[in-house]
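*Asks:* Once you've had a glance at the structure underneath, I'll fire off some questions.
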Amino acid sequence: MKLIKTLNNLGLLDQRILLQNLTRTLLTSVVVILLSSGCSLLEISQQSEGVNKAGTISGHVDIESGSDAPVTILLFTKQEFAPKLERKYVLQGAGEFRFYAQQGTYYVAAFQDTNRDTLYQQTEPAVLHGGTDLFNAAPVVLQSSGHVELDRLVIKGPIANQTNRDNISFEIEQDHTGEIASLDDPRFSREIGSLGLWKPISFIDQVGIGLYMLSSSEAKRIPVIFIHGAGGTPLEFVELVNSLDSKRFEPWVLHYPSGLRLDIVSDYLVKSINQLETQYPFDNFYLIAHSMGGLVMRSTVKKYTESEHHPVIGLTMTINSPMDGMASAEFGARSSPIVIPSWRDIAQNSEFLRIIRDWPWPEEIPYHLVFSYQGGDSDDGVVDLESQIPLSLQAEATRLYGFNAGHATILTNPVFIQRFQNILNNSLL
1 MKLIKTLNNL GLLDQRILLQ NLTRTLLTSV VVILLSSGCS LLEISQQSEG
51 VNKAGTISGH VDIESGSDAP VTILLFTKQE FAPKLERKYV LQGAGEFRFY
101 AQQGTYYVAA FQDTNRDTLY QQTEPAVLHG GTDLFNAAPV VLQSSGHVEL
151 DRLVIKGPIA NQTNRDNISF EIEQDHTGEI ASLDDPRFSR EIGSLGLWKP
201 ISFIDQVGIG LYMLSSSEAK RIPVIFIHGA GGTPLEFVEL VNSLDSKRFE
251 PWVLHYPSGL RLDIVSDYLV KSINQLETQY PFDNFYLIAH SMGGLVMRST
301 VKKYTESEHH PVIGLTMTIN SPMDGMASAE FGARSSPIVI PSWRDIAQNS
351 EFLRIIRDWP WPEEIPYHLV FSYQGGDSDD GVVDLESQIP LSLQAEATRL
401 YGFNAGHATI LTNPVFIQRF QNILNNSLL
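First residue of the sequence shown: 1, per the UniProt record's numbering; consecutive thereafter.
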């Protein structure tokens with residue numbers, strides 16, 4: 001059987017046939033989506049260019065205040081009457097941070113959230129980059145596609161000279177971290193998922209990225225975070241979510257524009273996990289990812305374990321994920337009239353893949369590797385087996401699970417859903 005041969009000898013696939021099939025699939029998808037959604041090549045190209053022009057501001061926070069409270073780093077712009085908060089990043093202690101932003105002039109501050117209310121009080125230890133007041137702090141000038149590395153920020157105690165905090169906006173528009181939603185929310189529609197792939201900036205403006213809770217958080221339950229793939233939404237996980245034991249687990253869903261560079265997405269997820277742990281303390285959490293979401297998950301685990309953290313990652317699972325990249329994305333990044341930013345990351349041999357693939361998986365984190373095939377074929381209709389279960393990941397996985405199902409239909413496959421339930425329930429034994 002073709003399947004048996006593939007499983008026994010991964011790496012001997014006919015790459016030319018595979019590339020031809022994936023290329024046809026990619027170009028057909030481009031044409032169909034453009035015609036059905038009314039998107040123009042110019043619109044998509046402009047949005048992709050906007051994402052690619054984003055730069056980064058990064059740095060490191062040290063703590064000398066004597067407090068072990070979590071740290072919130074703030075990125076401001078200066079408005080006419082008051083500073084405006086553009087981004088925030090939460091750490092569980094001293095560590096590194098990174099902001100993605102468009103060209104402009106910014107200001108950076110950090111504080112320890114001693115009462116864990118996510119807001120800054122004047123009595124809390126804090127530091128401003130290059131100053132003691134939001135209006136005399138040193139500006140950070142970011143160029144298009146540029147990078148600024150800040151000097152270390154050291155939190156020693158409360159700031160003596162401060163602007164009246166009532167003049168500061170602490171809310172970030174379109175960041176839905178911790179918001180309670182339901183899977184039938186219009187924001188999770190398939191049309192919105194398509195928008196996020198092809199026009200990620202419009203997605204952020206109209207919908208916003210979010211790590212949503214599907215119910216109120218309870219201390220005794222373990223958060224299970226679901227991460228969708230390219231063009232997807234949390235709606236795809238409805239049957240897996242419904243299969244959870246609601247007394248022991250609580251579902252959270254990441255909703256993001258899948259056209260973004262994947263480093264941006266994993267940075268957001270790490271920040272959001274830290275933020276929610278500050279608000280709703282929990283001891284451990286699980287990560288479940290489908291398709292391209294598996295790459296986001298691996299990047300998230302890498303970043304999370306490299307920084308100071310408190311909750312433990314108790315279980316991870318990738319489902320039909322192109323862990324070794326996609327030939328179609330590589331072709332699209334080289335030859336398509338438009339290049340979706342995330343294609344550059346899922347392309348075979350991309351820099352993003354090299355970084356997360358060369359990083360050794362922590363032995364203490366259980367990794368369940370799920371793959372599927374269709375009717376004896378060597379792929380699931382989208383991702384070939386060689387990419388779903390590369391040999392390096394087989395060695396890292398706690399266990400492999402194979403199913404006769406398609407790329408999307410695996411999420412509604414009764415046999416898989418039963419196995420999914422068993423894996424999660426047995427993880428508590």
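By construction, the Cβ of each residue, glycine as well, lies at the ideal position given by its N, Cα and C atoms.
Is it buried or exposed for residue 159, if we count other Cβ within 10 angstroms and need 16 for buried?
*Replies:* Taking the first residue of the sequence shown as position 1, residue 159 is located at position 159. Buried is the call here.
*Asks:* Roughly how many angstroms lie between the CA atoms of residue 387 and residue 78, to the nearest whole one?
*Replies:* For the purposes of this step, residue 387 is taken as residue 387 along the sequence shown, with counting starting at 1. For the purposes of this step, residue 78 is taken as residue 78 along the sequence shown, with counting starting at 1. C-alpha of residue 387 to C-alpha of residue 78: approximately 46 Å in a straight line.
*Asks:* List the endpoints of the continuous alpha helix (DSSP H) containing residue 430.
*Replies:* For residue 430 there is no data in the structure shown, the boundaries of the chain being 1 and 429.
*Asks:* Measure the Cβ-Cβ separation of residue 231 and residue 293 and say whether it is below 8 Å.
*Replies:* Taking the first residue of the sequence shown as position 1, residue 231 is located at position 231. Taking the first residue of the sequence shown as position 1, residue 293 is located at position 293. Their beta carbons are not under 8 Å apart, which means residue 231 does not touch residue 293 by this criterion.
*Asks:* Where are the beta strand (DSSP E) runs, 3 residues long or more, that stay fully inside the region 131-159, in chain order?
*Replies:* 140-142, 147-149 and 153-155
*Asks:* Spell out the partners DSSP gives residue 252 in its beta bridges.
*Replies:* Counting from one through the sequence shown, the residue named residue 252 turns up at place 252. Paired residue(s): 213 and 225.
*Asks:* Within a Cβ cutoff of 6 Å, which residues of the same chain sit near residue 366, ignoring the five residues on either side of it in sequence?
*Replies:* Here residue 366 refers to the residue found at position 366 when the sequence shown is read from its first residue. So the list reads 315 and 398, once near-sequence residues are dropped.
*Asks:* Determine the contact status of residue 257 and residue 227, defining contact as a CB-CB distance below 8 Å.
*Replies:* Here residue 257 refers to the residue found at position 257 of the sequence shown. Here residue 227 refers to the residue found at position 227 of the sequence shown. Against a cut-off of 8 Å, the Cβ pair of residue 227 and residue 257 comes out as no contact.
*Asks:* Where residue 353 and residue 197 are concerned, what is the direct C-alpha to C-alpha distance, given to the nearest angstrom?
*Replies:* What you label residue 353 is simply residue 353 of the sequence shown in a count that begins at 1. What you label residue 197 is simply residue 197 of the sequence shown in a count that begins at 1. Those two C-alpha atoms are separated by around 19 Å.
*Asks:* Quick one: residues in its chain with C-beta nearer than 7 Å to the C-beta of residue 97, no 5 flanking neighbours on either side, listed in chain order?
*Replies:* Looking up residue 97 in the sequence shown gives position 97. 58, 59, 61, 73, 89 and 91, listed in sequence order.
*Asks:* Output the residue ranges of the beta strand (DSSP E) runs that lie fully inside the region 42-79 and measure 3 residues or longer, sorted by chain position.
*Replies:* Listed in chain order, the complete beta strand (DSSP E) runs (minimum 3 residues) inside the region 42-79 are 55-63 and 71-78.
*Asks:* Does the region 367-377 come close enough to the region 397-417 that 3 or more CB-CB pairs lie under 8 Å?
*Replies:* yes
*Asks:* Among 262, 427 and 426, which one has its Cα closest to the Cα of residue 291?
*Replies:* Looking up residue 291 in the sequence shown gives position 291. It is 262 whose Cα lies nearest to the Cα of residue 291.
*Asks:* If you draw a straight line from the alpha carbon of residue 124 to that of residue 296, how long is it in whole angstroms?
*Replies:* Locating residue 124 in the sequence shown gives position 124, where the first residue counts as 1. Locating residue 296 in the sequence shown gives position 296, where the first residue counts as 1. Taking the straight line from one Cα to the other gives about 34 Å.
*Asks:* Quick one: any contact between the region 215-229 and the region 389-406, if contact means 3 or more CB pairs under 8 Å?
*Replies:* no
*Asks:* On the DSSP bridge assignment, give the partners of residue 326 in chain order.
*Replies:* As a first step, residue 326 must be located in the sequence shown, where it is residue number 326. DSSP lists 347 as partners of residue 326.
*Asks:* So, with DSSP's three-state summary, where would you put residue 189?
*Replies:* Locating residue 189 in the sequence shown gives position 189, counting from the first residue. Here residue 189 sits in coil by DSSP.
*Asks:* If you reduce the DSSP assignment to three classes, tell me which class residue 411 lands in.
*Replies:* Along the sequence shown, read from residue 1 onward, the residue named residue 411 stands at position 411. DSSP places residue 411 in the helix class (H, G or I) of the three-state scheme.
*Asks:* Between residue 106 and residue 264, is the Cβ-Cβ spacing less than 8 Å?
*Replies:* Within the sequence shown, numbered from 1, the residue matching residue 106 stands at position 106. Within the sequence shown, numbered from 1, the residue matching residue 264 stands at position 264. No, these two residues do not count as a Cβ contact at 8 Å.
*Asks:* For the beta strand (DSSP E) that residue 373 lies in, which residues bound it at each end?
*Replies:* One-based indexing of the sequence shown puts residue 373 at position 373. Looking at the DSSP string, the run of the beta strand (DSSP E) that includes residue 373 is 367-373.
*Asks:* Exposed or buried, residue 358, counting other C-beta atoms within 10 Å across all chains shown (16 or more means buried)?
*Replies:* The sequence position of residue 358 within the sequence shown is 358, counting from 1. Classification of residue 358: exposed, given that the 10 Å Cβ count is below 16.
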